[in-house]
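Colleague:
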Amino acid sequence: MADYMPHTPEEVEQMLAFLGLSTEAELFDVVPEAIRLAGGLNLAPGITEPDVLDRFEQRAANNRARADQLVCFAGAGAYDHELPPVVKMLGSRSEFVTAYTPYQPEIAQGVLQAIFEFQTMTARIFGLPVANASLYDGATALVEAVNLAVASAKNSRVVLSSGVHPHWRQVVETFAVGTGHEIEVAPLVDGRTDFSAIDGPCGAIVVAQPNYLGGLEHLDQVRALCDRTGALMIVAADPVASGLLKTPGSYGADVVVGEGQGFGTALSFGGPYLGLFACTLPQIRRLPGRIVGETVDTTGTKAYVTTLRTREQDIRREKATSNVCTNQTLMAVAAAIQLSWLGTAGLTDLALRCAQGTRYLIDQLGAGSNTSVLHPNLPVFRDVAIRTAAPASVVIERMADEGFLAGIAASALLRGSDPSLSPSDHDHTLLVSVTERRTAEQIDRFAAALEKAGQK
Amino acid sequence: MADYMPHTPEEVEQMLAFLGLSTEAELFDVVPEAIRLAGGLNLAPGITEPDVLDRFEQRAANNRARADQLVCFAGAGAYDHELPPVVKMLGSRSEFVTAYTPYQPEIAQGVLQAIFEFQTMTARIFGLPVANASLYDGATALVEAVNLAVASAKNSRVVLSSGVHPHWRQVVETFAVGTGHEIEVAPLVDGRTDFSAIDGPCGAIVVAQPNYLGGLEHLDQVRALCDRTGALMIVAADPVASGLLKTPGSYGADVVVGEGQGFGTALSFGGPYLGLFACTLPQIRRLPGRIVGETVDTTGTKAYVTTLRTREQDIRREKATSNVCTNQTLMAVAAAIQLSWLGTAGLTDLALRCAQGTRYLIDQLGAGSNTSVLHPNLPVFRDVAIRTAAPASVVIERMADEGFLAGIAASALLRGSDPSLSPSDHDHTLLVSVTERRTAEQIDRFAAALEKAGQK
Amino acid sequence: MTMTHPAAGGKASSAPLMGRAAEPTIFELSQPGRSSFQFRTTGVPPRPAGDLIPSEFLADDVVELAEVSERDLVAHFTRLSHRQFSVDLGAYPLGSCTMKYNPKVCDTIASLPGLAGVHPGAPASLTQGWLEIMVSLEAALCEVTGMASATLQPAAGAAGELTGLLLMRAYHAARGEERRRIIIPDSAHGTNPASVTLGGYDVTTVPSDDRGCVDLAALKAVLDTDVAGIMLTNPNTLGLFEEDIAEIAAAVHDVGGLLYYDGANLNAILGVVRPGDMGFDIVHMNLHKTFATPHGGGGPGAGPVAVSSRLTEFLPGPRATKVGDRYDWVTPPSSIGRVHGWHGNALVLARALAYIEIHGGDGLRKVSERAVLNANWIRQRLSTVFDVAFDRPCMHEVVLSLTTLRKDHGIKAIDVAKRLMEEGFHAPTVYFPLIVDEALMIEPTETESLQTLEALAQAFELIAAEALSDPDSLHAAPRTSPVGRVDEALAARQLIQTFDARPQP
Amino acid sequence: MTMTHPAAGGKASSAPLMGRAAEPTIFELSQPGRSSFQFRTTGVPPRPAGDLIPSEFLADDVVELAEVSERDLVAHFTRLSHRQFSVDLGAYPLGSCTMKYNPKVCDTIASLPGLAGVHPGAPASLTQGWLEIMVSLEAALCEVTGMASATLQPAAGAAGELTGLLLMRAYHAARGEERRRIIIPDSAHGTNPASVTLGGYDVTTVPSDDRGCVDLAALKAVLDTDVAGIMLTNPNTLGLFEEDIAEIAAAVHDVGGLLYYDGANLNAILGVVRPGDMGFDIVHMNLHKTFATPHGGGGPGAGPVAVSSRLTEFLPGPRATKVGDRYDWVTPPSSIGRVHGWHGNALVLARALAYIEIHGGDGLRKVSERAVLNANWIRQRLSTVFDVAFDRPCMHEVVLSLTTLRKDHGIKAIDVAKRLMEEGFHAPTVYFPLIVDEALMIEPTETESLQTLEALAQAFELIAAEALSDPDSLHAAPRTSPVGRVDEALAARQLIQTFDARPQP
Ligand SMILES: Cc1ncc(COP(=O)(O)O)c(C=O)c1O
Ligand SMILES: Cc1ncc(COP(=O)(O)O)c(C=O)c1O
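Encoded structure:
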């Protein structure tokens, strides 16, 4: 049996003797006999590290959809972006990996400063002055945004665009049961949110940019609607798009959330990812999660520390702005590294390459009879919805045999009757994404294969 | 074009201006026009990191003999030992990787102390009081050992057992042309060195333990011969075997060299490896390469520093004990980590498992008609020579299709007429090795496949 | 040619090896025009942005990020790493946080291309390896907790708590009941009450008795049919086992309430006693404490929630499930819905399974035995040095109270904590749980050796002596770290939350 | 229960972040009975050693290694890493060593399982990828040096030198000549004369002239038909280009000698001028300096040797060679034999090829342009601060001489070097080349920015001023590092070369 405990048998004896005990079992005398587990855990006996590695390599081999084997055209909120060796190396330094939350700032300046830099980058990318130290993922960040807006507007009516990623909407709905928000959904029409039915006072209006079909929304109109209804404007934004698009902050968004996975985190089967959260200055005392601020030490040397701690659960308890404690710091550090690797020019180039690749794919698909762009006139960034003659889920299986992860079937994200797609499109919409890693040659082959696989 | 230079065009201008130059080309005005390269280097244009990674992944895919694809039964001086994640992680910490030779001890205690610990471990493993900070590999360490012995004995006659790894012998012979040593080779008889023809004064006698056919030599007899001839006793020892066997030092060896690859270094297609070198105390001033010693700093704090520097080439120049400057420190650090991971019990267990696996293979092969152990009565450790009915090189090709790297053909190591194998065995000897990583199931399959593949 | 204040990426004076300077921000190391990024050569035809996206959407200004060479990028973040304490450097006896050593093999597993490179939206048919991992982990966690089924979606403990509370709500709702209160002991972790609020419940706090456990009489006094349930952690945050747990469970169940187990401290009881067998209905686990995920400077973690069979139908979905000889995603019939954008922190789940498989059942029990042995040893060893808040056998951690030191010598828990850093240790948790005055909470974990415990104890002895002989030295600590004691009040007052918020000179 | 001197793996006071204690050796952290290792479960029947190997061979005693937990193992070596300066922490202007930043992508390449996991004895048919790498690298190195062919076997520069000298010997021998002398300038690196001796030659030293270059007249005076060849590095170790190289070459060739190029400093001339075009016959390269292999604390490197066509037949073998559309191992007809146990430091070779392929021809030239630009900038910038040994345009490095400081203020090069560490920089090379008094040799490399150069210059300015105002502070330096100035004399006198050599208390 392998383990990681240093105690030699003699040391265990010696320690027990010091405690006046004769067996380790006696350490648990405080546990009433009646509830103690008899017979031990019914788990397979322990195996060694090399055995476990072998086993996990086998499991890994059973995942056909690995990006090093199926060329990845899937997106829908999780992207196959470049993950350079230098970022992996720095982000896996064990000082970052094996530290706790920086409770003792004197010996935690490394993580604190990295978070401070991450906050700065997040704030800039979303065009707002405040960002926190990360939340679990984009979806749960949106929940926190809604909570903040409702608390700020003192109005629990929440309007959710149907263009928000279906999973995110589902998460918002799950948690709204506890907080008691009333969620209304605004439908998509021709690939864009139709807010025309929304009237009257409102706490929050949520829109995605781009939306999950890839389409760009008119954020100026959303801002105007918020002004009319008293709602806070929440944008669920793709941070990569900020390399090209106007930031949500520049439209006057109050809160912007996003999924930061594309900045330094692998696809990872969905997690750990990186929830981004930014807001306006007046909302800072309602901010969920941790925030790092600059200060000095006793000698006047610049230093960083977690600040505005009185919002947090460990101090404010049931009155806290959020219950978040552990967040996704390591991913935030990786994002700060990746964004510094990109730099100003890199972020712009990254976004441009995504848009170029996506457009190139659309052009290659153009002529097909089994596949067509769902909303040909909708401006898109790096995600595009394709209508396939065969059900999208069937197309994905067929394309796997051609060496592609073709995309995500919209029906797999949606539950039952969802207003974001017409019933006829529901099973036939394939969400496809082209990142900067896709070559023209891959796109050409993909387009050709898709036209065949798309057949009824 | 990708590169790693920070200079912006403006900075280049500014720096040139500071130098009173107007183009970078002028920096090379000191180079006479006549010899300057016109037209630039005729190399393919630069590509980016992701492109290069793709290209090397393709190259890697073209190596069928990778240990994650062909189960490795090859040894002959390079072994598929366990390389645990913890050792890889520690050994690749960038402070170790990107440091230079520890010339400034105040800010190089990390590498210095790691080397000091490595020296201690090497010395213990070989049973001698002195070890250096590493040499290039086992073969070149043997060259240095011979040079030391010849200088010490003041006799340039060198007797080399034919059981020393053929490549090592070839390297010794190559360099002996410069140093002018007279090399004599003692043949193998029934798998053991026959020194009976050796007589008269001698500078060095070199024997391998085990020898390259896997057999254990009688080191006590070699010691006696050295005493008779005045030679220094040099053992080219397998350091892994020290987990079971008497150390060469315990037999009275004067110099022991070995290949340290098995301790924390991957197969690596043969390099970088780790030359181990240990000797007796009286020889320390003839030691090749660097050595670290313990000392104190100005405040009396314990510290480490390279010492006995006056032996080295940068100070002693043409009178130096060796020309070695850059060595294999990173591998030495990895070895110190791996040996600490093993610990006393681990080294013993490792060696025992190798011996058990090798014996298990021999037992499984036992009955075969196409394959037989070359020297059935020769005690072996983890290498064994197998006689195959088909030429060994053919057997290896056939076994690759069965998923095995079956071993090394002795003929591939030997040059022309080599006294270490009879002409009839020359093409039909397969050197096989079983490490602690081989399972009984793999060995069973291997034995069965080999019996088939061994067929004429 | 002299530049003033060059922001020099190659100057290493902030590395503690070299000096004690501040490290410039990455933005100060930036020089316009510099870059590190390199993309694949794709052959995709370049086109200007204006050709691709209508101009009304296009930004007028670029987002400014740091512009650094790869060399400066590496130097900056390597130096930052040198300014950071971590488990890999030394002992981290931070109570309630379980800062154990985490095996590196789990890092290797979490970076296998066949795990880390898998898109979460790929169908089950193409991700059978991942689904098998999830099914195996769920089974193991159920065995460890004595529960029937589990969701792996919650990304951390607090997310697990809120999920558990929504499960309670769904359970009661399905029975046509609307209960409004959740009971929490005053020693509870702050996430518990915060989660209760988000779950739409009111908090009812019950006090601890003088043995540090739930005051049973006080509990009974607040129990009625408006109580949806109780949240407990056992051992509680004082490191003490709630011996009356069976009676508590019976009392809560009697009024129709459910019992929620905050399993952040599962490290104390693996293979010894199971929440299910104590009478709990819902358990969340902090995989990042008990099951070998390093904390990453504050995350990620994973907070799976296991439940008894009567709650299975409400679990979040979809759940990886074995269907015949394949694995598929199945959503429970009355699911509360998703609680994560995808399937939870999958790579953390893989780590946890690897850890469990290495240890097996006996190994896990040994983890708890050694964790509890270490905690009791340090408790006993320090009982002559400081006051132990509740001086009786503890589980995985022990709480000291420095009331006497403060009253008699003006030394506070924080002073001792900061001074301990100078001795080469991370500080224990201070001022938690809130019910202990001047609390110092020590959790050694099972991976620290007796020698390290002894060195820690000797450091405390030294500090205790110094508190009497030279109290100023404690107030002045830490003096060996790159920065001295940090002005937290100033941080909140001046509020510089980003580089851009720095006052312009 | 108090232990004295617990060897506590969890105590981090030697991490510079925490304090300035010494780190115990791993042997002091050892506790009998502890272990970290884990092996695969093989199912191979266990048998006692005595059943496997005759008892006469079996050890009576086990080899004692450190017995530590994985946790303590990690802590120890992580702390050691924090006690080590490296390029990744900051600038390392160590002359003659080319401490540039090396791209991390090369680390990834060197750890690809399809490269790192390949046995060197596998036949060419199963290692085509590796052979193609070697053939490609050989071609690129020949293009860079202007040579016809190369061996990749030598493991470092010095090994390359000796190989080159044996090639010379073989060449002359094939022509029936036995020449006995090799000419070396007095500025040469120490490996050159040491290699000459091992090559069986006598060293003839030629002086440098007052411009720092080979004294042509002196050279001509020692040239005769006993001269096998000359070893030069150009730019030489003073960072100066030997402008008379064509004349030198002609003179040496005239007496039938060969020219050996010590290519450790190839970083200065990539794409600008090639050794072959200067008239050299043999070149070794330090891939670990020019082509992006980190130095690993002292190695590994790789020292390929390229030669002109008349020497190809003598090259070490076997060489990876393209034969038809496959790759195979071929040994040159008059090969001097093997110079390495296998094929050289293969993973280093792969790194170098990756680096060359990323840069391409233009990129390599740019490397040299920027290396030379940086060196000249720092030369010019410092020329008002210290004396430049030979104050004219340099190539990739510059040598200062502190004679004045020593004479007037008792400040030596070593004092300035040690004081520079306190400013956050590694020291330059000191006391080399030997022909410059109180030499400080600075090689900034192309990866350092102007800002870093400026910060370095300002640090030197500060130190120069301090040398006058407060010379003691220079003698006392370094004061910010974990240990102060180290007693080298004591190390040699007491000679504790292993832990076991420590005097017993
Ligand atoms: C007792 C207890 N409960 C709950 C939590 C919250 O867990 P998390 O930080 O993963 O949200 C913690 C950890 O901080 C804890 O110690
Ligand atoms: C000029 C010169 N020649 C030769 C060498 C020797 O190279 P190596 O250390 O790789 O043996 C060096 C490096 O130290 C050098 O700088």
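In order, the protein sequence lines correspond to chains E, D, G and Y.
Numbered per this note's numbering, the first sequence spans residues 1471 to 1926.
Numbered per this note's numbering, the second sequence spans residues 1471 to 1926.
Numbered per this note's numbering, the third sequence spans residues 20 to 524.
Numbered per this note's numbering, the fourth sequence spans residues 20 to 524.
Heads up, the beta-carbon is just placed ideally off N, CA and C, and yes, glycines get one too.
#1: Looking at the secondary structure, which residues open and close the beta strand (DSSP E) in which phenylalanine 333 of chain Y lies?
#2: Just to confirm before moving on: does the CB-CB distance between leucine 1820 of chain D and histidine 138 of chain Y stay below 8 Å?
#3: Just the C-alpha distance for isoleucine 461 of chain Y and threonine 256 of chain Y, rounded to the nearest angstrom, thanks.
#4: At the level of alpha carbons, what is the spacing between alanine 1790 of chain E and tyrosine 111 of chain G?
#5: Closest Cβ-Cβ distance between proline 1554 of chain D and chain E: below 8 Å?
#6: Say yes only if the C-beta of aspartate 281 of chain G is nearer than 7 Å to one or more non-hydrogen atoms of ligand 4, and no if none qualify.
#7: By alpha-carbon positions, which one of D:Gly1759, D:Arg1698, D:Leu1822 and D:Gly1734 ends up nearest to isoleucine 72 of chain Y?
#8: Looking at glycine 316 of chain Y and ligand 2, is the gap between the Cβ and the nearest heavy atom below 7 Å?
#9: According to DSSP, what are the bridge partners of histidine 303 of chain Y?
#10: Distance check for isoleucine 1866 of chain D and aspartate 70 of chain Y, CA to CA, integer angstroms please.
#11: With a cut-off of 8 Å on the beta carbons, I'd call glycine 443 of chain Y and alanine 40 of chain G a contact; round off their distance for me.
#12: What span of residues does the alpha helix (DSSP H) with leucine 1523 of chain E cover, start to end?
#13: Looking at threonine 252 of chain G and ligand 1, is the gap between the Cβ and the nearest heavy atom below 7 Å?
#14: With DSSP as the reference, label glutamate 457 of chain Y as helix, strand or coil.
#15: Between which two residues does the alpha helix (DSSP H) containing phenylalanine 96 of chain Y stretch?
#16: When we look at the beta-carbon of threonine 1769 of chain E and count the other beta-carbons within 10 Å, is it buried (16 or more) or exposed?
#17: Could you give the distance in angstroms between the alpha-carbon of leucine 235 of chain Y and the alpha-carbon of isoleucine 267 of chain Y?
#18: How would you list, in chain order, the residues of chain Y whose beta-carbon sits under 8 Å from the beta-carbon of aspartate 489 of chain G?
#19: So, is the C-beta of glycine 52 of chain Y closer than 8 Å to a C-beta in chain E?
#20: Is any beta-carbon of chain G found at less than 8 Å from that of aspartate 1524 of chain E?
#21: CB of histidine 208 of chain Y to nearest heavy atom of ligand 2: below 7 Å?
#22: Would valine 1902 of chain E pass as a contact of leucine 1848 of chain E if the rule is Cβ separation under 8 Å?
#23: Does DSSP put methionine 1591 of chain D in a helix, in a strand, or in coil?
#24: Who are glycine 379 of chain G's beta bridge partners in DSSP?
#25: Out of curiosity, what's the CA-to-CA distance linking glycine 295 of chain Y and glutamate 1552 of chain E?
#26: Residues in its own chain within less than 8 Å of glutamate 472 of chain Y by CB, not counting five upstream and five downstream?
#27: Distance check for leucine 1715 of chain E and tyrosine 1606 of chain E, CA to CA, integer angstroms please.
#28: Assuming glycine 363 of chain Y and alanine 408 of chain Y are in contact, meaning their beta carbons sit under 8 Å apart, how far apart are those beta carbons, in whole angstroms?
#29: Is it the case that the CB of glycine 322 of chain G approaches a heavy atom of ligand 1 more closely than 7 Å?
Modeller: Inspection of the coordinates gives the following:
#1: Segment: none, phenylalanine 333 of chain Y is in no beta strand (DSSP E) and carries neither H nor E.
#2: No; because the gap between Cβ atoms is not below 8 Å, this pair is not in contact.
#3: 11 Å
#4: 27 Å
#5: yes
#6: As presented, the structure is devoid of ligand 4, carrying ligand 1 and ligand 2 as its sole ligands.
#7: D:Leu1822
#8: no
#9: Y:Asp281 and Y:Val324
#10: Taking the straight line from one Cα to the other gives about 30 Å.
#11: Confirmed, about 7 Å.
#12: 1519-1531
#13: yes
#14: coil
#15: Residue range 89-101 is occupied by the alpha helix (DSSP H) that includes phenylalanine 96 of chain Y.
#16: exposed
#17: 7 Å
#18: By Cβ distance, chain Y contributes nothing, its closest Cβ being about 18 Å from aspartate 489 of chain G, past 8 Å.
#19: yes
#20: Taking a beta-carbon distance threshold of 8 Å, aspartate 1524 of chain E does not count as an interface residue toward chain G.
#21: yes
#22: no
#23: The answer is helix: DSSP assigns methionine 1591 of chain D an H, G or I state.
#24: According to DSSP, glycine 379 of chain G bridges with E:Pro1515.
#25: Near 41 Å, if we compare the C-alpha coordinates of glutamate 1552 of chain E and glycine 295 of chain Y.
#26: First, the amino acid is wrong: residue 472 of chain Y is leucine here, not glutamate. Within the same chain, leucine 472 of chain Y has close Cβ partners Asn393, Trp396, Ile397, Arg400 and Pro463.
#27: 25 Å
#28: Actually they are not in contact, since the Cβ atoms of glycine 363 of chain Y and alanine 408 of chain Y sit about 36 Å apart, beyond 8 Å.
#29: The answer is yes for glycine 322 of chain G.
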